[in-house]
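**Student:**
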Amino acid sequence: MQRQEAVWQARRDAYASFLGQIEVMKRAIAHMQATAGMYEEGLGRSGADLTAAKEAMARTFEVLWFRESALRLSVDTDEADRAEALMVLARRAMEHAEDFADAAWSAQRGPYEPGRRLDAAMRELHGGVLEWTRTARRNLEGGAQATD
5 MQRQEAVWQA RRDAYASFLG QIEVMKRAIA HMQATAGMYE EGLGRSGADL
55 TAAKEAMART FEVLWFRESA LRLSVDTDEA DRAEALMVLA RRAMEHAEDF
105 ADAAWSAQRG PYEPGRRLDA AMRELHGGVL EWTRTARRNL EGGAQATD
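Heads up: the sequence shown begins at 5 in the numbering used here, then just goes up one per residue.
Put into structure tokens, the structure is as follows:
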């Protein structure tokens, strides 16, 4: 019984860590979008803030990648595959944020297409997070019942 509880707790912690980092990633992308938006509006200056936002976003994704790797130790193959699919959505959103930032930095007026792609990618990521969270919750509830 204690072993089952320990396994359930490890799984719960891995889910929480991964989900928390996904949320940090979403905030980093939103920060990049807001920073690039200043350049789109002609309010950006040296580019240092844009570079810093890009670097922060990349570091955040790297941490997410490590969290996803750790999650694989605690979940079955199907759950790991769902986490990997969420990683693909996060990577896509990050790439669109970079495209949006590049368009804004290069002073292309109205980088609307990169902005639209980024908005669509963020909606897709948000939907993916909701679905992944529902599945994780069901899996945890099933595991909690098994330890009772």
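Think of the CB as a built atom: it goes at the ideal place given N, C-alpha and C, for glycine as much as any other residue.
For Ala40, does the count of other Cβ atoms within 10 angstroms reach 16, so buried, or fall short, so exposed?
**Tutor:** The count along the sequence shown starts at 1 and reaches residue 40 at position 36. It is buried - the Cβ of Ala40 has at least 16 other Cβ atoms within 10 Å.
**Student:** Exposed or buried, which one is Ala10 when buried takes at least 16 other CB atoms within 10 Å?
**Tutor:** Mapped onto the sequence shown, residue 10 falls at position 6. Looking at its Cβ environment, which holds fewer than 16 other Cβ atoms inside 10 Å, Ala10 is exposed.
**Student:** Contact between the segment 96-107 and the segment 67-77 is defined here as three or more beta-carbon pairs at a separation below 8 Å; is this criterion met?
**Tutor:** Judged by Cβ distances under 8 Å, the segment 96-107 makes no contact with the segment 67-77, as fewer than three pairs qualify.
**Student:** Based on Cα-Cα distance, which residue from Lys58, Glu135 and Arg142 lies nearest to Met29?
**Tutor:** Taking the sequence shown and counting its residues from 1, one reaches residue 29 at position 25. Among Lys58, Glu135 and Arg142, the Cα nearest to that of Met29 belongs to Lys58.
**Student:** Would the beta-carbon of Leu90 fall within 8 Å of that of Glu128?
**Tutor:** To locate residue 90, count along the sequence shown from 1; it is residue 86. To locate residue 128, count along the sequence shown from 1; it is residue 124. No, these two residues do not count as a Cβ contact at 8 Å.
**Student:** If I measure Cβ to Cβ from Thr139 and keep anything under 7 Å in the same chain, skipping five residues before and after, which residues do I get?
**Tutor:** In the sequence shown, counting from the first residue as 1, residue 139 sits at position 135. Only Arg86 meet the Cβ criterion.
**Student:** Does the beta-carbon distance from Ala105 to Met42 come in below 8 Å?
**Tutor:** Translated into positions along the sequence shown, residue 105 becomes position 101. Translated into positions along the sequence shown, residue 42 becomes position 38. No, these two residues do not count as a Cβ contact at 8 Å.
**Student:** Could you check what DSSP says for Asp80 in three-state terms: helix, strand or coil?
**Tutor:** Along the sequence shown, one-based indexing puts residue 80 at 76. Here Asp80 sits in coil by DSSP.
**Student:** Could you tell me the alpha carbon to alpha carbon distance between Leu68 and His130, rounded to whole angstroms?
**Tutor:** Numbered from its first residue, the sequence shown carries residue 68 at position 64. Numbered from its first residue, the sequence shown carries residue 130 at position 126. One C-alpha to the other measures close to 16 Å.
**Student:** Kindly say whether Arg31, judged by its beta-carbon, lies nearer than 8 Å to any beta-carbon of chain B.
**Tutor:** As a matter of chain content, chain B is missing from the structure shown, which is built from one protein chain.
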